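Residue numbers (the numbering used here): 226 to 364.
The block underneath contains the structure these notes are about, expressed in C-alpha cells.
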C-alpha cells in the first residue's frame, strides 16, 4: 500500500487488542465525511454493561465478519458493473444475515439483560429501553 492509497481509504482503522478504545460508532456519509457519535447517544441510557459469554461474542463477531466480507463483495460487484438483479440478490442475502445477527442479540438481551433487570428490580426501565430500540429497529 502506498501513502496515496491510505489517503483514499475511508475505512475505520482497526485497533490492536492492547490499544484502549472508547466506545463510539462512526457514521459514514457519502464515503467522505465521518461523524463520530457516542455509542449510547441514541436516547437509550443503558443501565448495565452488556456482558456476552466468550462463545456468544465469538459467534457474533464471526457472523459480522462474514457479513463485512459479503458487503465488500457487493461493492466489488457494483464497481465491476455486474448485473443489477445479481447485486440485489446479494443485498437481500446481507439483509437476511443482519436480521439473524439482530435476532441473536435480541435473544441474548431477553435471556440475560432483561432477566438480570428483573432480579434487580429495574424491569420497567429495561422494557422501556427495549421498546425504544425496537421502535428504531423495526420498520
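Even glycine gets a Cβ: it sits at the ideal position worked out from N, Cα and C.
Bear in mind that the values here come from a model prediction, so they are computed numbers and not experimental data.
- Distances from the CA of residue 277 to each of 299, 294, 336, 347 were compared; the closest alpha carbon is that of 336.
- When rounded, the separation of the alpha-carbon atoms in residue 298 and residue 350 is 41 Å.
- Under the three-state reduction of DSSP, residue 356 is assigned to helix.
- A straight line joining the alpha-carbon of residue 361 with that of residue 343 spans about 23 Å.
- Cβ neighbours of residue 303 within its own chain (closer than 7 Å, five residues either side excluded): 312.
- Per DSSP, reduced to three states, the secondary structure at residue 307 is coil, with no helix or strand assignment.
- Secondary structure at residue 347: coil, using DSSP grouped into helix, strand and coil.
- Counting the other Cβ atoms within 10 Å of the Cβ of residue 309 gives fewer than 16, which makes it exposed.
- Buried is the label assigned to residue 354, since at least 16 other Cβ atoms lie within 10 Å of its Cβ.
- In this structure, residue 319 sits near residue 295, with a CB-CB distance shorter than 8 Å.
- Minimum Cα-Cα distance from residue 287 among the listed residues 356, 338, 329, 301 corresponds to 329.
- With a contact defined as Cβ atoms closer than 8 Å, residue 323 and residue 292 qualify at about 6 Å.
- Taking a C-beta distance under 8 Å as the contact criterion, residue 333 and residue 281 qualify as a contact pair.
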